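To convert a position in the sequence shown, counted from 1, into our numbering, add 1023.
Structure record follows, encoded as structure tokens.
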Amino acid sequence: MRIFMPIIFIALFVLYVLYITVVKKELKQNLYKVVYPGLFFITVWGTIYYFMIE
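In structure tokens form, the structure reads like this:
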């Protein structure tokens, strides 16, 4: 179950970004508030997780 949680959260993040892009059409306004911090968090978390598993 632990392996599926990050995949689910990443999928939810992608769905939220798609919602902002397609439905609300406010991606440019939320780029610095939502997209960049989300990608940064996923990258840092993935790096830490990779080194813990290795």
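Ideal Cβ positions, reconstructed from N, Cα and C, are used throughout, including at glycine.
Owing to the predicted nature of the structure, the values given are computational and were not obtained by experimental measurement.
Might you give, ordered along the chain, the residues of its own chain that have their beta carbon closer than 7 Å to the beta carbon of residue i, omitting 5 neighbours on each side?
i, result
"Y1042", "none"
According to DSSP, is residue i part of a helix, a strand, or is it coil?
i, result
"I1031", "helix"
"I1026", "coil"
Where do the ends of the alpha helix (DSSP H) carrying residue i lie?
i, result
"K1051", "1050-1053"
"T1070", "1059-1076"
Let me make sure I understand the geometry here. Which of the options has the alpha-carbon closest to that of residue i?
i, options, result
"V1057", "Y1072, E1077, F1036, M1075", "F1036"
"F1032", "I1065, Q1052, N1053", "I1065"
"V1040", "N1053, R1025, P1029", "N1053"
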